[in-house]
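Written below as structure tokens is the structure these notes are about.
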Amino acid sequence: MIRFENVSRTYGQGASAVHALREVSFSIEAGAFVTIVGASGSGKSTLLNLMGALDHPSSGQIYIAEQNLYGMDDNARTLLRRDKIGFVFQFFNLLPTLTARENVALPANLAGRRGRATDERATQLLSSVGLAARIHHKPDALSGGEMQRVAIARALMMDPPVLLADEPTGNLDSETGRSILGLLRGATSDRRTVVLVTHDPKITAEGDRVLTMADGRLAKDERRDRAGVQAAVAQVASVT
Ligand SMILES: Nc1ncnc2c1ncn2[C@@H]1O[C@H](COP(=O)(O)OP(=O)(O)OP(=O)(O)O)[C@@H](O)[C@H]1O
Ligand SMILES: [Mg+2]
Numbered sequence: 000m001i002r003f004e005n006v007s008r009t010y011g012q013g014a015s016a017v018h019a020l021r022e023v024s025f026s027i028e029a030g031a032f033v034t035i036v037g038a039s040g041s042g043k044s045t046l047l048n049l050m051g052a053l054d055h056p057s058s059g060q061i062y063i064a065e066q067n068l069y070g071m072d073d074n075a076r077t078l079l080r081r082d083k084i085g086f087v088f089q090f091f092n093l094l095p096t097l098t099a100r101e102n103v104a105l106p107a108n109l110a111g112r113r114g115r116a117t118d119e120r121a122t123q124l125l126s127s128v129g130l131a132a133r134i135h136h137k138p139d140a141l142s143g144g145e146m147q148r149v150a151i152a153r154a155l156m157m158d159p160p161v162l163l164a165d166e167p168t169g170n171l172d173s174e175t176g177r178s179i180l181g182l183l184r185g186a187t188s189d190r191r192t193v194v195l196v197t198h199d200p201k202i203t204a205e206g207d208r209v210l211t212m213a214d215g216r217l218a219k220d221e222r223r224d225r226a227g228v229q230a231a232v233a234q235v236a237s238v239t
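Per numbering that gives the first Met the number 0, residue 0 is the first one in the sequence shown, and the count goes up by one each step.
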């Protein structure tokens, strides 16, 4: 579903160049729940932004659903991003002038879809994240956890096969973070791959696959079976 081939991303030039990613290669199968960890500055957000068609690699290729993401023109990439990729950010990135439902419906509206069916889908998604009573609230009338639920509903509006989240619990208390994690894990299916960047070891431990970044390189790539995941979660819970 997602493939990186020798991907590098360098910011700046010459003596001040920062090698944020260095020759990173991996592939992620459809339906996986993948967590990405690593020290601050190790390249996690750079990696996720490239995966989400929000940036350009300096070299290498990235494939989403067998399509070469940066081998197509800007228009095609914008459409692919709209239809195939949902993105959840640490700071929610909701539009403050729109209600929860309008924020959720926005990707469909931008694709030219308006009207009752679109509104109903947005309402249904908000209900599915526990916000049936908040559909007409604007972001400033919502808590952080509620805003992140709206952002998840928005990211699911187009039913994308790829859902990406960069520190989605980074701004939330741990209990609220757990419920957000539950929603993201629940969004994973045989039709949807979810990739999550996190600092939280409890969340990391829940990945079917854990990619560890260090200094712009993929330092570790661990696969876990469900029993292994549960053991890891229990172990983390017992030390915290
Ligand atoms: N726009 C930019 N211009 C220059 N350097 C950048 C830019 N964005 C990121 N970097 C640098 O690239 C490196 C990787 O950054 P990145 O944001 O990917 O790290 P990260 O692993 O997400 O860190 P954090 O855990 O703090 O979010 C860092 O050294 C960072 O300073
Ligand atoms: Mg980051």
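Idealized CB from N, CA, C, for every residue including glycine.
Please read all numbers here as calculations on a predicted model, not as lab measurements.
Between the segment 39-59 and the segment 0-9 there are three or more inter-stretch CB-CB distances shorter than 8 Å, so the stretches are counted as touching. A Cβ closer than 5 Å to some heavy atom of ligand 1 marks a residue here, and those residues are Tyr10, Val17, Ala19, Ser39, Gly40, Ser41, Gly42, Lys43, Ser44 and Thr45. Around the beta carbon of Ser41, 16 or more other beta carbons sit within 10 angstroms, so the residue counts as buried.
For Ser127, the uninterrupted alpha helix (DSSP H) run begins and ends at Arg115 to Ser127, by DSSP. As far as DSSP is concerned, Gly13 takes part in no beta bridge. Annotation for Leu162: the continuous beta strand (DSSP E) segment containing it runs Val161 to Asp165. Membership of Gly59 in the beta strand (DSSP E) is indicated by the continuous run Ser58 to Ile63. Not one heavy atom of ligand 2 falls within 7 Å of the beta-carbon of Asp199. At a cut-off of 7 Å, the beta-carbon of Asp214 does not count as near ligand 2: no heavy atom of the ligand is closer than that.
Taking the C-beta atoms as reference points, Leu182 is found no nearer than 8 Å to Ile202.
Here DSSP, grouped into helix, strand and coil, assigns Asn102 to helix. If you look at Leu78, you'll find it in the alpha helix (DSSP H) that goes Asp73 to Lys83.
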